[in-house]
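Using this note's numbering, read the sequence shown as starting at 486 and increasing by one per residue. Inspection log for the structure reproduced underneath, given as structure tokens.
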Amino acid sequence: MRKLSPLAALLVAGAILSTPALAADKTFVTVNGQAIPQSVYDAFMTEQKIQGAQDGPELQNAVKEELIRRELLAQEAKKRGLDKKDTVPGQIELAKQAVLIRAYLTDYMRANPITDDRLKADYEKLKAVMGGTEYKARHILVDKEDDAKAIIAKLDKGEKFSELAKQSKDPGSKDSGGDLGWNSPAAYVPPFSEALTLLKKGEYTRTPVKTDFGYHVILLDDSRPSTPPPFEQVKPQLQQRASQQQVEQLVKDLRAKAKVN
């Protein structure tokens, strides 16, 4: 039998557990006298096809057998009163809510699509934030300002930055000489980015740079003009972020209007 997508479980759980409310729905199959509605079968089939399954007799039979199996297990759970035990009623309600929320948000986003104009405006903002230059930087991060000053003093005497970086508390860069790779200034917290952009190639900060992470000694390896990725390349990410922002605003508006006692 074809393996069914686990992503359909929540959808099917919500649908099966709410079967009594679907009494008027056409019956797909009956198990021990309990009807499984056609809408449950349709929902499960839709979920499988979204996940890439090909419709056909094999899939249809697999879905039918899976629904029967689930119904049998659900019936046994109800016989033992598990549908009313502990947190199970709450879990059932959460499953039903999840399906309704997904349906509502899908409908809302269909009625209020993100336009290309909005995405292009976001793209221009992104390019502005990235700036026209990106920097290849190194840093050494320590907890105390005096420790950072001591590192600067050693650099002044000619000690190698890559060796001193071994005492950095940044696990992501200490073993690679403090290398942070190529990034725009926007990738860093403001005090760090401000200090970085003032450096010339090969220079390091002469005073420790304080951020919420500690004290940094920063070295600029090189800089180059920044070439932002083309709009079409980042469009999916912009679409996802804009959709998230739209949903967040929707929830914020609903929350502001709600009466919560």
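The C-beta atom is built at its ideal place from N, Cα and C for all residues, glycine as well. These numbers were taken from a predicted model, which means no experiment stands behind them.
CA-to-CA, the gap between Asn746 and Ile577 works out to about 24 Å. Relative to Val627, the option among Gln652, Lys639 and Phe646 whose CA is nearest is Gln652. Using a Cβ-Cβ distance cut-off of 8 Å, the stretch 638-657 and the stretch 737-746 are not in contact, since fewer than three pairs of beta carbons, one from each stretch, lie closer than that value.
The beta carbon of Lys639 sits closer than 7 Å to the beta carbons of Leu649 from its chain, once the five residues preceding and following it are set aside; these are given in chain order. A straight-line Cα-Cα distance of about 18 Å links Tyr589 and Phe529.
Ser661 and Phe646 have their C-alpha atoms spaced approximately 11 Å apart. Fewer than three pairs of CB atoms, one per stretch, sit closer than 8 Å, so the stretch 596-605 makes no contact with the stretch 676-692. The beta carbon of Gly518 sits closer than 6 Å to no other beta carbon from its chain once the five residues preceding and following it are set aside.
Contact annotation, Tyr593 with Leu552: C-beta distance approximately 29 Å; criterion of less than 8 Å not satisfied. Taking 8 Å as the upper bound for CB-CB distance, Ala727 and Ile599 are in contact here, some 5 Å apart. Inter-residue distance for Lys685 and Ile703 is about 11 Å (C-alpha atoms, whole angstroms).
Its chain contains Tyr620, Ala622, Pro670, Tyr673, Ile703 and Leu705 as the residues whose beta carbon lies nearer than 8 Å to that of Leu681, once the 5 sequence neighbours on both sides are disregarded; these appear in chain order.
For Ser524 against Thr618, the beta-carbon gap comes to about 57 Å, at or over 8 Å, which does not count as contact. In the DSSP assignment, Lys695 is bridged to Tyr700. Per DSSP, reduced to three states, the secondary structure at Ala547 is helical.
Short of 7 Å from the beta carbon of Gln724, and not among the five residues preceding or following it, lie these beta carbons of its own chain, in chain order: Ile599 and Leu604. The bridge partners DSSP lists for Ser708 are Tyr620.
Under the three-state reduction of DSSP, Leu665 is assigned to strand. C-alpha of Gly663 to C-alpha of Ala633: approximately 14 Å in a straight line. Check the Cα spacing between Val514 and each of Asn546, Gln539 and Lys534: the tightest is with Asn546. Ala613 counts as exposed, since fewer than 16 other C-beta atoms from the protein chains shown sit within 10 angstroms of its C-beta. Taking the CA atoms as reference points, Leu611 sits about 52 Å from Leu558. Within the same chain, Cβ atoms closer than 8 Å to the Cβ of Asp697 are found at Val674, the five residues on either side in sequence being excluded.
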